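In what follows, a single structure is set out as structure tokens and then discussed.
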Amino acid sequence: MSALEGLSNVTYLVLDVTNPQQLQDAVELVRNKCGGSLDILINNAGSNHFSPVLDLDLDETKKIYDINVWGPLMLIQKFAPLVISAKRSVINITSISGYVNVLIYFGDNKALYSITLAGETLCVITGANDIQELYRNSSTITWDNLIKDMYSFVGLSPRSISQVWGETHEQLATSDSKNPTQLAHEMTSEYHRQQLLTAVIAENLVQRIIPGLDKSLPWNILSKHPACIHTSGDSITLSLWEWCNEVIIKSSVTACYGHKIFEINPNLLQAMMSWEAKNWKFMYKLPEFIARDIINARSEFIDTLCKYFETPKEDRSDALYFVKVMEEEIWAAGLSDHEIAGIHMLHLWAITANVYKAAFWAIAHIVHIPELLAQIRAEIAPAMGTDGETVDLKYLTEDCPRLEAFFHEVLRINSAGALAREVTTPTLFSGNVLAKGTKLMIPYRQLPLDGQAWGPSARDFDPERFLKDKSLTRSPNFRPFGGGHKLCPGRFIAKKSVYTIVALLFSRYDVTLETSTANQKFPRIDDVTAGVGTNARRRCETGH
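Counting from -8, one number per residue, gives the positions in the sequence shown under the working numbering.
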């Protein structure tokens, strides 16, 4: 937080929420700074510790309640007149990092437990066996309402959502679907799976992505890249995070939608990166006046796709198979171009949301572990063509066991996100009868950090973990791509993309940490912000 102190539009103060005088002083400071009113008060105070009951210090334990309960309550009361004057809001939030410690609180017995938020009961699943049971049940436990909420967020009307789900009786145009009995929302997912899992069609996507990655690596391109911090005669210093964002997302979007989409909006990438940085606000369903940044990013994202689909098809004939057939399927359901664009935004988000983060963590680990760098470079050498530009993906994916084990460990240590489902009819689950309407959640982060499954080094990065025990890839606690019939269809493309960027980068250049930054620390994982799939890097950090 101290890094914010130097910003012209930020007033930084240290505040103990349990100290009434400090609270009153803060109120007066804000009153003077803001003209007697306050638009938003956000409470995120928190403190915790875990210990056996007999070892607890009662005074220290009472302080937890002072900080987490009475302090925020006192803060709200003190600032209430300023917030009421502005006729605005108070927001109380917490981080997702507490999910891991909840297991300790419940004795780590993997039992179901419930929490109540805003009057709604949420059943939390932490046991790997229970998660497997959930994956097997797709008939009475679904995510349909979650998808409908997402469709609503991207602009579909209630009528259009009903049409996509086959809940209306209107006579609509027919598409070229080979399975006309399936609903439009099922077919859009099916086309996505076909693109990513059908050998010939998937290979077409891979062969589009690789050239995009390769074209980003020439010296003259890197030296002018937006992620370039400075250059010298024989070196280029890049922000790894910004570089992975730009190179991998842009390559993936171009591979799927062709070159026309960036001709329509050359700034689309910036909108997508803005969405990536703040889409946790969408997950938390924050009100519009707080989430204006993601509302703007969403609007630019969808408007660009809308213009894309309004463009004559012959001008965007280089789009992938699934882009074309999805457009036809959704159009046949009676949706507008804007609604078609909204659904495509969600699919494009799914395609781009994780690969750049996995690549970032892979490269970061390699440059921080010199012996690993030497081992990876030696193992991938036979896969590189004599020109240094071609890559034998078959060799990389089948004959590089160290690279594969390393990739699995990168996914394990950085897995995040949560799975949400809803019970549609009374269901016997894990020995309990769950009522219709029960909301279920799996906080994925606790699975790869479970000491019972991974041993005492569960929280450590061990690039040889999966090399020593290949059976770990079958562990129910290793779920980087989900499971069941919703297993991520993009898992093979993601693997090939990360392998390719690692092979091209480390075979072509000597990659090291920036030497002028003494003792540059490994980037911290962002385990306090809600996300999907792979964790991002903690924001507001220097380096990388």
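The C-beta atom is built at its ideal place from N, Cα and C for all residues, glycine as well. Note that the structure is a prediction, hence the values are computed from the model and not measured.
Per DSSP, cross-strand counterpart(s) of Arg482
Its beta-bridge partners do not exist; DSSP assigns none.
N-terminal and C-terminal residue of the beta strand (DSSP E) that Pro434 is part of:
430 to 434
Hey, is the segment 395 to 413 in contact with the segment 368 to 384, meaning 3+ C-beta pairs nearer than 8 Å?
no
Residue burial classification, Phe280 (beta-carbon count within 10 angstroms, cutoff 16)
exposed
Using the Cβ count rule (16 or more neighbours within 10 Å means buried), how would you classify Arg127?
exposed
Take the Cβ of Arg412 as the centre, count every other Cβ of all protein chains shown within 10 Å, and call the residue buried at 16 or more, exposed below.
buried
Taking the CB atoms as reference points, tell me whether Phe292 and Ala282 lie closer together than 9 Å.
no
When DSSP labels each residue in this structure, what does Tyr104 get in the three-state scheme?
strand
Decide if the segment 362 to 371 is in contact with the segment 249 to 265; the criterion is three or more beta carbon pairs, one per stretch, under 8 Å apart.
no
Could you spell out where the alpha helix (DSSP H) holding Glu233 opens and where it closes?
231 to 248
Are the CB atoms of Glu330 and Leu137 nearer to each other than 9 Å?
no
Are the Cβ atoms of Ala36 and Leu66 separated by less than 9 Å?
yes
Does the Cβ of Lys276 have 16 or more other Cβ atoms within 10 Å, making it buried, or fewer, making it exposed?
exposed
Candidates Ser226, Leu187, Lys298: which alpha carbon is nearest Ala246's?
Leu187
At least 3 beta-carbon pairs within less than 8 Å: the segment 307 to 321 vs the segment 183 to 198:
yes
Quick one: give me the first and last residue of the beta strand (DSSP E) that Thr591 is part of.
No answer is possible for residue 591: it lies beyond the span of the chain, which begins at -8 and ends at 535.
Other residues of its chain near Ile285: CB distance less than 8 Å, five sequence neighbours each side excluded:
Ser265, Trp266, Lys269, Asn270, Lys272, Phe273
If you reduce the DSSP assignment to three classes, tell me which class Phe457 lands in.
helix
Do Ala396 and Lys486 come within 9 Å of each other at the CB atom, strictly closer than that value?
no
Under the rule that 16 or more other beta-carbon atoms within 10 Å means buried, what is Val8, buried or exposed?
buried
Glu237 burial status per 10 Å Cβ neighbour count (16 or more: buried)
buried
Please return the same chain residues whose Cβ sits closer than 8 Å to the Cβ of Thr107, not counting the five positions on each side in sequence.
Leu113
Does the segment 197 to 209 come close enough to the segment 219 to 227 to have 3 or more Cβ pairs within less than 8 Å?
no
Sub-9 Å separation of Val358 and Val489 beta-carbons
no
What is the rounded straight-line gap between the Cα of Leu49 and the Cα of Val5?
26 Å
For Leu45, three-class secondary structure by DSSP:
helix
On the criterion of 16 or more Cβ atoms from any shown chain inside 10 Å, does Gln15 qualify as buried, or is it exposed?
exposed
Between Ile55 and Ser38, is the Cβ-Cβ spacing less than 9 Å?
yes
Compute the Euclidean distance between the alpha carbons of Asn59 and Val1, then round it to the nearest angstrom.
25 Å
With H, G and I counted as helix, E and B as strand and the rest as coil, what does DSSP make of Thr415?
coil
Taking Pro217 and Glu233 to be in contact with their CB atoms under 8 Å, please state how far apart those CB atoms are, rounded to whole angstroms.
7 Å
Cutoff 7 Å; reference His476; Cβ partners in own chain excluding five residues on either side
Ser129
Would you mind giving the Cβ-Cβ distance between Tyr31 and Ile82, rounded to the nearest angstrom? I have them listed as a contact below 8 Å.
Here residue 31 is Ile; the residue named in the question, Tyr, does not match the sequence. So it is a contact: roughly 7 Å between Cβ atoms.
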